[in-house]
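Report on the structure given below.
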């Protein structure tokens, strides 16, 4: 247990090791450590931000869904209304068409009646003449009475 | 080595506690001491080759390991070595943050060097006491005490370095006047009691490095003596005591390295404080 120069030697070695540690050992490791700490903190931050974003997006999506549902029901309603309108229109048209057809038919009937009347009118004179001939049992001058009979027929 | 009789046991212990000393002998000049007496006769102008060699080897091991970790240090996913080194660094950082109340970028690397270096030097003690001395004896080296911290020169040398730093920062932070005032006016702020204060404070100051050195040296030296005594038992009985003592010493080794580091940080923190 002698105190000797080893004491000084040890102090010098100590100083050199400490100097080397300060200069070359501590800084890179410490820097890397703190850098990583920062990066981890940033990562956690980003993760929480992302989850917040996700929440926002979900909310947006649900809102869009709700809106589109509303729109769809609106469109459906409109379509229903439109179809009712179309049916109504069709019914109206059908009725009009029917009425037109009925009117046409009526006109035709009237025409037929007129024609039948005309025909009757044309024949009535000869029938009357034939009747009169038989009544008189004499020959009647057809030409002399024709004019009179036509006048009679026109009055019919 | 089993004890033959008391003389061989005593010489065995003494042999194991003798450093390999190189120095200026009054008669032989600069040479390696061949006995404890010769080593003693060399006085101050001698150096313990084993203490210096092993402590520098451990220091280089520390520097090499940590420098390697520093070179491959990435901010990404760390590897095994980097993980281990970062664990030590974070431990030291938190220690310094809790114990040191100033701002000085020197303190943390200083604490790291002290802690790991002392830990490595202490750890040499786990190697069975006869292995390396026997090996060196075969190589023709007479003495080999491999644990530097069982040499008071080594612990006192480190404590001296710490003491110089304490003085340096006391003068730097407080100024000569401030430091002198602290020494002479605390704990009793009365002019009459200045001499008393001076004695008290200077003793307190000087005791710091001695307490550091003696605590580490005492623990390590005592542990080493016990290991040597255990080694004197018959070979089949050695493990019975050696294993528990070695396991216990794993705790002592770490604890002593921690205490030395912690107290250094605390002393330097006190040196930075204004009153």
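Protein chains in written order, with the working numbering: chain A, 308 to 463; chain B, 353 to 627.
We put the beta carbon where it would ideally sit given N, CA and C, even for glycine.
On a predicted model such as this, the values are computed, not experimentally measured, just so you know.
Quick check: what's the CA-CA separation for residue 388(A) versus residue 380(A)? Annotation: residue 388(A) to residue 380(A) spans about 12 Å, alpha carbon to alpha carbon.
Listed by chain order, chain B residues near residue 342(A) by CB distance under 7 Å: Within 7 Å of the CB of residue 342(A), the CB atoms of chain B belong to 427, in sequence order along the chain.
Could you give the first and the last residue of the continuous alpha helix (DSSP H) run that contains residue 384(B)? Run containing residue 384(B): none in the alpha helix (DSSP H); it sits in the beta strand (DSSP E), 381-384.
Where residue 522(B) falls, given that 16 or more other Cβ within 10 Å makes a residue buried: Classification for residue 522(B): buried.
Kindly indicate which three-state DSSP category residue 375(B) falls into: helix, strand or coil? DSSP, read as helix, strand or coil, puts residue 375(B) in strand.
Top-ranked residue by Cα proximity to residue 481(B), from 375(B), 466(B), 369(B), 393(B): The alpha carbon of residue 481(B) has as its nearest neighbour, out of 375(B), 466(B), 369(B), 393(B), the alpha carbon of 369(B).
Return the Cβ separation of residue 572(B) and residue 499(B) in integer angstroms, given the expectation that the two are a contact with Cβ distance under 8 Å. At roughly 6 Å, the Cβ-Cβ gap stays under 8 Å, so residue 572(B) and residue 499(B) are in contact.
Would you kindly check if the distance between the Cβ of residue 463(B) and the Cβ of residue 448(B) is under 8 Å? Closer than 8 Å, so yes.
Just tell me which of 535(B), 406(B), 391(B) has its CA closest to the CA of residue 376(B). Distances from the alpha-carbon of residue 376(B) to those of 535(B), 406(B), 391(B) put 391(B) closest.
Give the interface partners of residue 442(B) over in chain A, defined as CB-CB distance under 9 Å, in chain order. When 9 Å is used as the limit between beta carbons, residue 442(B) is near these residues of chain A: 340, in chain order.
Would you check if the distance between the CB atom of residue 314(A) and the CB atom of residue 508(B) is smaller than 8 Å? With contacts defined as CB atoms closer than 8 Å, residue 314(A) and residue 508(B) qualify as a contacting pair.
What does a CB cutoff of less than 8 Å around residue 417(B) pick up in its chain, not counting 5 residues either side in sequence? These residues qualify, in order along the chain: 433, 437.
Spell out whether any CB of chain B is found under 8 Å from the CB atom of residue 320(A). At a cut-off of 8 Å, the C-beta of residue 320(A) has a neighbouring C-beta in chain B.
How would you label residue 624(B), buried or exposed, when you count the other beta carbons within 10 angstroms and need 16 or more for buried? Residue 624(B) comes out buried.
Considering only the alpha carbon of each residue, which of 452(A), 328(A), 319(A), 417(A) lies closest to residue 461(B)? Residue 461(B) has its Cα closest to that of 328(A), out of 452(A), 328(A), 319(A), 417(A).
List in chain order: all unbroken alpha helix (DSSP H) runs of 4+ residues lying wholly within the region 585-627 of chain B. List check, alpha helix (DSSP H) in window: 590-624.
Is residue 461(B) close to chain A? Criterion is C-beta to C-beta, closer than 8 Å. True, the Cβ-Cβ gap to chain A drops below 8 Å.
Residue 400(B) touches chain A at which residues, Cβ-Cβ below 8 Å? Close to residue 400(B), with beta-carbon spacing below 8 Å, are these residues of chain A in chain order: 311, 313.
Report the CB separation of residue 613(B) from residue 467(B) in whole angstroms; it is logged as a contact under 8 Å. Your pair residue 613(B) and residue 467(B) checks out as a contact, with CB atoms roughly 4 Å apart and the cut at 8 Å.
With 8 Å as the threshold, decide whether the Cβ of residue 316(A) is near any Cβ in chain B. The beta carbon of residue 316(A) falls within 8 Å of a beta carbon belonging to chain B, placing the residue at that interface.
Please list, in chain order, the residues of the region 343-374 of chain A that have any C-beta partner in chain B closer than 8 Å. Residues passing the 8 Å Cβ filter: 343, 346.
Near residue 557(B), which residues of its chain fall below 6 Å by C-beta distance, leaving aside the five closest residues on each side in sequence? Taking C-beta separations shorter than 6 Å and ignoring five residues to either side along the sequence, residue 557(B) has no partners in its chain.
Cβ of residue 329(A) less than 8 Å from any chain B Cβ? Yes, residue 329(A) counts as interfacial toward chain B.
Any beta carbon from chain A within less than 8 Å of residue 456(B)'s own beta carbon? It does not: the Cβ of residue 456(B) has no partner Cβ on chain A nearer than 8 Å.
Could you give the first and the last residue of the continuous alpha helix (DSSP H) run that contains residue 347(A)? First-last of the alpha helix (DSSP H) with residue 347(A): 333-443.
So what's residue 368(B) in DSSP terms, helix, strand or just coil? For residue 368(B), the secondary structure class from DSSP, reduced to helix, strand or coil, is helix.
Nearest by alpha-carbon distance to residue 469(B): which of 608(B), 372(B), 622(B), 542(B) is it? Minimum Cα-Cα distance from residue 469(B) among the listed residues 608(B), 372(B), 622(B), 542(B) corresponds to 608(B).
For residue 336(A) and chain B, any beta-carbon pair shorter than 8 Å? Yes - at least one Cβ of chain B is within 8 Å of the one on residue 336(A).
Going by DSSP in three states, residue 399(B) sits in which element: helix, strand or coil? Three-state DSSP puts residue 399(B) in a strand.
Could you compute how far the alpha carbon of residue 355(A) sits from the alpha carbon of residue 363(A)? The straight-line gap from Cα to Cα measures roughly 12 Å.
With a 10 Å radius around its C-beta and 16 neighbouring C-beta atoms as the bar for buried, classify residue 354(B) as buried or exposed. Bear in mind that a pLDDT of 44 at residue 354(B), under 50, signals an unreliable position, so the model cannot answer this.
Which residues in chain A sit within 8 Å of residue 464(B), going by Cβ to Cβ distance? By Cβ distance, chain A contributes 328, 332, 333.
Apply the 10 Å Cβ neighbour rule to residue 579(B) and answer buried if 16 or more other Cβ atoms are within range, or exposed otherwise. With 16 or more other Cβ atoms inside 10 Å of its own Cβ, residue 579(B) counts as buried.
Cα-Cα separation, residue 453(A) to residue 443(A): So the alpha carbons of these two residues sit roughly 16 Å apart.
Using a C-beta cutoff of 8 Å, does residue 563(B) count as contacting chain A? With 8 Å as the cut-off, residue 563(B) does not count as an interface residue toward chain A.
Where the alpha helix (DSSP H) through residue 388(B) begins and ends: Judged by DSSP secondary structure, residue 388(B) falls within the alpha helix (DSSP H) whose first and last residues are 388-393.
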